[in-house]
Structures are given as C-alpha cells and as structure tokens.
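Mapping of the sequence shown onto our numbering: position 343 corresponds to residue 352, and the numbering continues sequentially without gaps.
Virtual Cβ for every residue (Gly too), placed ideally from N, Cα, C.
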Amino acid sequence: MSKPNHILRPGKRPAKPSEKPVARRAEAPTATSTAIAATHNALRGSLLNCFAAVPRGAEELAAAELAALKIGAVNPGKGGVAFRTDQAGLYRANLWLRTASRVLVQLSQFPCSGPAELYTGVHAIAWQELITPDMTLAVDCSLRDSALTHSGFVALKTKDAVVDRIREACGSRPNVDTAMPDVRINVHLHKNVCTVSLDSSGDSLDRRGYRLERNEAPLRETLAAAVVALTGWDGSIPLADPMCGSGTIPVEAALLAAHIPSGLHRGFGFQRWLDFDKILWEGICAEAEAGIRPLPLGLITGFDLDSRALSLARRNTDNAGLSGQIHYFHAALQDFQPEGDKGVVIINPPYGIRLGEEDDLRELYCQIGDIMKKQCRGWTGYVLTGNLELAKYIGLKASRRFVLFNGAIECRLLKYDLY
Ligand SMILES: C[S@@+](CC[C@H](N)C(=O)[O-])C[C@H]1O[C@@H](n2cnc3c(N)ncnc32)[C@H](O)[C@@H]1O
C-alpha cells in the first residue's frame, strides 16, 4: 500500500496556533451577532451543524453511510443529508463518505431578500476567527427561488462582507484564490433564507485522487459508489463489470470490500483551517489504514473492448492502492461468461447517442439482455443507463428500478434476477 498523501499542497499555510486568535473589536451585541457567536463556539467546541451534499437519488445511501460511522442526528432530504457531529465526526465523514460530494459546516442562517441583508448577515460572522489576512478564500454560491438571482453578484457581495470584516479586525484583508483557496465559503439562498457554510471538503469528494486522466464517458466516482451500494454487494460473492471503461465501478467496489476509505489518497479543505487538529486527523487515518484487508483472488473483474480504457483502469487501480487486486481482461461483451454460480454483474453501457449510432446501440442493448439471460444464470444483473428508450431493448423484465443522477442526466439502475 503506497503511503497516502494527506497534505493538500505545500506553500502558504494557515497561521500557526500561536499566531491566532486575532483580537476581536469591541462591538455592541445584536441578536444576529449573539446567535452567530454561539455558532462559532460550536465550530470550535462540541457539535457542528453539517450538511453532506449528495447526488440526487443517493441521499438515503449517504444517510446509511453516516449512521455506519456512528454519526447520529442524521436527516436525509432532497440533494443531501443534514447531520450534527463533532470535529472527529467531520473528519471521518470526509474520509469515508463514498456517495457524498462535499460536507459543509454551517456558520449562520438569516433571512435575505436583497444585497443589504446579504452583506449585513455575512459581515456579522466573526470571519477573523476563521481566516487570517495571509490566507486565501473563495466563495461558491447556489440560489433557488429567491429575490437575488445572480450567483456571481451574491458571491461578490459575500466576498466583500468577509474581507471587510477581516480588514476591520486585522488591518489587512485576505486575497481570493478560486482555484486552490485555503478556505472555501459556501452560500446557499433558498426561498430568501441564506445559509453560510464552510466547505470542509475543499475539492469535491468524487475526486478521490486515484483517477488522474479521464476517458470519454467516465462515471463519477460518487455515482459508481452509489451503484455498488444499491446492489447490496458486500464483497462476499464475485462482482464483474463487462464494460468497465476506466474501471470506476470495479475500483469503487474494491475500495468498499477492502475497507479502504474513499478519501485516503487526497487532501481536504479542513486541513487548512485554523482549528485543524493534525493529531486527531492522523489518528483517524491510522485507524482506517489498520482496518484495510486484501481482496480474495478473482473477486472483482473488469472487461472492455477498448484497450486504452483498460490501461486507464489498471492505472486507476494502482493509484487507488489496489495493484493486482482487480483483474482486467480485453474482451467483447459478446464473449463475457462469468465464472462461478452466483455473483453480481454491473453494466454501464454507452448511452449518449451521436448521429448514426442509434442502430449500433440498439443492437448492443439487445446483446446485453441476451448475454445476461444466457450466460449469467444465477447471477444478479444491473444496468446503469441514462437512456430509457435504449433500456427497452434489453428485453428482460427489471425486478427493481432506482433513479440516480449523473450530473444533470437522470439515469436508471435496473436490476435483473437471472435464473
Ligand atoms: C459508458 S462507458 C463505461 C464507463 C465506465 N463505467 C467508467 O467509469 O469509465 C462504456 C464502455 O463500454 C465499452 N464497450 C462498448 N461496446 C462494448 C462491447 N461490445 N464490449 C465490451 N465493451 C464495450 C466502451 O469501450 C466503454 O469503455
């Protein structure tokens, strides 16, 4: 197992603990500032109000993952899961969550119908306790059903309020770095209620760190993990992907079965925060690494017609610390015949139709049905596709259908019991 790199990047670092905290100016307390001071104490002390953003369709899976991490007060909703945890729970959630795209820590929530309310609400947060002038920041913004409709404007106004507050307290202000900020601020406006959070993940969690190059139609890692979770596969029977492309499904399945945390090979936003607890984090990583187990020979196999995709799959597998533990074969679907009398076969066929490709794809989907029926008896088949018209050509009756989103594309994971 290669040594994981837990440090996001060298160079400028947050101030050392001895350089903080920056003195707060005396201010007359207001209802808002009192509420926010309480939120800040929570950020340092016991429980944090968190929100795991999750691709639609995977909310219950992420909630189950959080429960498995012994994180309580889990409340799944549309597009994410709210939960409360302490600093250790926040670190664990980032390290382990396979189906979430980021974990936000809420700082403040206030009514907001215009620029003045936005500025006042954001400015009321004691930013100087979270960001020093020599750190960099970025603001991400999402808006829904609100009076403010321009996300660029909201991000700019938020940034102004943050840097003004820090300048007032410290005499100078931090710079913006949209690519690799020390602190990523998230502003979400929904029905004129503004929620301001810190993004503890930094880069989105689907960037596990093992996929360095992309093939034509790679599956997002979080979606592949959601697919594996929905099949209920637990590593006790074989799993095969006959159209594995860059290997995302086999790699995510292997990470799960080997008990390798999805974030073991990457860094996180919280590692640059002023309150980052390195000893706590290293303990959590060491505990996770101690639980990793090797996979039995032949447990997970991947096949593809495209040898370039297969070399990517092999490279991704090596990068994920799984060298030699997933077996790849250069083969056409037509020749796919899994070994063993039971297992799970997951197929993610192409479904983007370019002009002139329709006939070929219809034929391919017919073949998927035939191969599953004739050559995978005793196995359970799953097909993930974003094209329901093509799915009809499989010609078998699905025993279950799950709705999942691949970015903006609504997909179906179809389950087939193959007798
Ligand atoms: C949508 S991509 C799969 C992407 C993959 N899940 C990933 O994450 O990279 C479909 C794959 O099917 C492969 N493919 C297409 N026709 C095939 C066939 N007849 N037999 C085997 N593989 C085929 C393509 O080479 C491509 O890699």
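Give a yes or no on whether the C-beta atoms belonging to residue i and residue j are separated by under 7 Å.
| i | j | result |
| --- | --- | --- |
| P251 | F338 | no |
| L157 | L113 | no |
| Y360 | L399 | yes |
| L248 | I309 | yes |
| L221 | A109 | no |
| L393 | L422 | yes |
| D149 | N195 | yes |
| G387 | K424 | no |
| L89 | F60 | Sequence check: residue 89 is Gly here, not Leu. Closer than 7 Å, so yes. |
| L146 | I134 | no |
| S210 | R101 | no |
| L99 | L57 | yes |
| I418 | G395 | yes |
| L283 | A97 | no |
| W242 | V353 | yes |
How big is the Cα-Cα spacing for residue i and residue j?
| i | j | result |
| --- | --- | --- |
| A47 | T167 | Confidence at A47 is low in this model, with a pLDDT of 42, below 50, so the placement of that residue should be treated as unreliable; the coordinate-derived value is given next. Computed Cα separation, rounded: 21 Å. |
| S155 | L139 | 28 Å |
| G300 | V171 | 42 Å |
| P378 | A125 | Sequence check: residue 378 is Gly here, not Pro. Between G378 and A125, the C-alpha separation is close to 59 Å. |
| I246 | S206 | 42 Å |
| T231 | L306 | 25 Å |
| S181 | D169 | 13 Å |
| F411 | E177 | 52 Å |
| T39 | Q137 | Low local confidence applies: a pLDDT of 40 at T39 is under 50, so the model's placement there is unreliable, with the coordinate-based value given in what follows. C-alpha separation (whole angstroms): 18 Å. |
| G218 | G272 | 8 Å |
| S27 | N201 | With a pLDDT of 35 at S27, under the threshold of 50, the modelled position of that residue is not reliable, and the figure given next carries that caveat. Near 40 Å, if we compare the C-alpha coordinates of N201 and S27. |
| R216 | D208 | 15 Å |
| H132 | F277 | 26 Å |
| C420 | S122 | 35 Å |
| D368 | Y374 | 10 Å |
| R409 | A238 | 14 Å |
| T326 | H159 | 41 Å |
| R302 | R317 | 29 Å |
| N184 | F285 | 21 Å |
| Q376 | A234 | 26 Å |
| S42 | V63 | Residue confidence for S42 is low, a pLDDT of 38 falling below 50, so the modelled location carries little weight; the figure read from the coordinates is stated next. Their backbone Cα atoms lie some 31 Å apart in a straight line. |
| K406 | P85 | 31 Å |
| K383 | Q334 | 28 Å |
| L331 | A295 | 18 Å |
| A71 | L152 | 23 Å |
| L319 | Q346 | 18 Å |
| R193 | G349 | 48 Å |
| A262 | E366 | 31 Å |
| C179 | G130 | 20 Å |
| I293 | K287 | 10 Å |
| I269 | G404 | 37 Å |
Rank the options by C-alpha distance to the C-alpha of residue i and give the top, closest one.
| i | options | result |
| --- | --- | --- |
| C203 | R182, G256, F119 and A62 | F119 |
| A267 | G244, I258 and G276 | G244 |
| R93 | L78, D368 and N325 | L78 |
| I8 | G66, W105 and Q137 | Any question about residue 8 goes unanswered here, given that the chain covers just 10 to 428. |
| D344 | A322, C385 and A318 | C385 |
| G416 | R65, G352, L56 and K382 | R65 |
| L75 | G292, L57, R107 and K383 | R107 |
| Y128 | F162, V63, E419 and L228 | F162 |
| H336 | G98, A234, S255 and T145 | S255 |
| E69 | H132, A133 and V236 | V236 |
| T187 | F414, A164, R174 and R229 | A164 |
| L413 | R229, A82 and V354 | R229 |
| L321 | G130, R153, P227 and L152 | P227 |
| R174 | T141, R193 and P347 | T141 |
| R323 | G130, A72 and V260 | V260 |
| I355 | C253, Q346 and L304 | C253 |
| H274 | R193, C179 and D212 | D212 |
| A67 | G130, T240 and L304 | T240 |
DSSP beta-bridge partners for residue i?
| i | result |
| --- | --- |
| H197 | S151 and T204 |
| K424 | Y391 and R409 |
| L248 | I309 and V353 |
| A61 | V90 and V112 |
| I288 | None; I288 has no bridge partner. |
| Q137 | Note: Q137 sits in no beta bridge, so no partner. |
| N184 | T145 |
| S122 | Paired residues: none, contrary to the question. |
| E366 | Partner(s): none; E366 has no beta bridge. |
Assuming residue i and residue j are in contact, meaning their beta carbons sit under 8 Å apart, how far apart are those beta carbons, in whole angstroms?
| i | j | result |
| --- | --- | --- |
| Y402 | R371 | 5 Å |
| D191 | R281 | 4 Å |
| L314 | A341 | 5 Å |
| I258 | N357 | 6 Å |
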